[in-house]
Structure formats: C-alpha cells, structure tokens
Amino acid sequence: MEDFHDCLSHKIAHVTVGEFQLGKFDEARRIYQEAVSTYGKGFKGAYLLQETGTERGIAVILWDNEQSMKDNEGTEAHKTVLKKMMPLFASTPTTTYYEVVTEIQCEEG
Numbered sequence: 001m002e003d004f005h006d007c008l009s010h011k012i013a014h015v016t017v018g019e020f021q022l023g024k025f026d027e028a029r030r031i032y033q034e035a036v037s038t039y040g041k042g043f044k045g046a047y048l049l050q051e052t053g054t055e056r057g058i059a060v061i062l063w064d065n066e067q068s069m070k071d072n073e074g075t076e077a078h079k080t081v082l083k084k085m086m087p088l089f090a091s092t093p094t095t096t097y098y099e100v101v102t103e104i105q106c107e108e109g
C-alpha cells in the first residue's frame, strides 16, 4: 500500500524569479551552483534560466516532497549561501512553490 501512496505524492518545485544588478548574473550563477551543491536527501534537480540579454532569471529547484525541501533549506550552509546572493538582486525576488503534476521525459535514442 505504501507504493500506492508514493505514486500519489508529487514533487515540489521551488521557483524563484528575480533580476540581478547590472553585471551580477554570472556571480549569482556561481553562488546558485554553490547552494545547490549543499543539497542532500530529497533533492531531484535544479535549473537556472536567464532571459537572453538581461539580468533577469528564474531558478527552479525540484524536491521529492515538501519536507525534504524544508530540511535542506533549513541548513546553515544554505542560509550562508543565501546571505551572499541577496545583495546581488536589483529588487526582492519572488518565490512560489508548485506541485509537479506532470513530468514528461524524452526517450534516449
């Protein structure tokens, strides 16, 4: 029965949209990679998207469930990395949490 309940649970997507100060996106990318490298159990992947020719971007971090996300984001390592990142933003970023309700993987070959 546990397998059935596992099928009903959805991954969680932590999505942050923001704009960095002029010329700061590359530094923010480096810090983002540092943050992601601290994640452990429950981490399912991450994407950092940049709007071409701008300092605007979207960060998407995928988790197997909400508790895993909270556990990883509550670590001192994560908080330290965020303190480095926040001054790089031109304005306060917005963060929204989503359930991943459909996931389509391409077939290799």
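Position 66 (the sequence shown) corresponds to 66 in our numbering; numbering is contiguous.
Just so you know, even glycine gets a beta-carbon here, dropped at the ideal spot from N, CA and C.
Computed from a predicted model, the values in this text were never measured in an experiment.
Nearest-angstrom Cα separation, counted from histidine 78 out to glycine 42:
Distance between the alpha carbons of glycine 42 and histidine 78: 15 Å.
For glycine 23, collect the residues of the same chain with a Cβ closer than 8 Å to its Cβ; drop the 5 residues on either side in sequence, then sort them by chain order.
Glu55
Consult DSSP for lysine 11 and reduce its assignment to one of helix, strand or coil.
In the three-state DSSP reduction, lysine 11 falls in the strand class (E or B).
Less than 9 Å separating the beta-carbons of asparagine 72 and glycine 40?
yes
Would you call the CB atoms of histidine 14 and valine 60 closer than 9 Å?
yes
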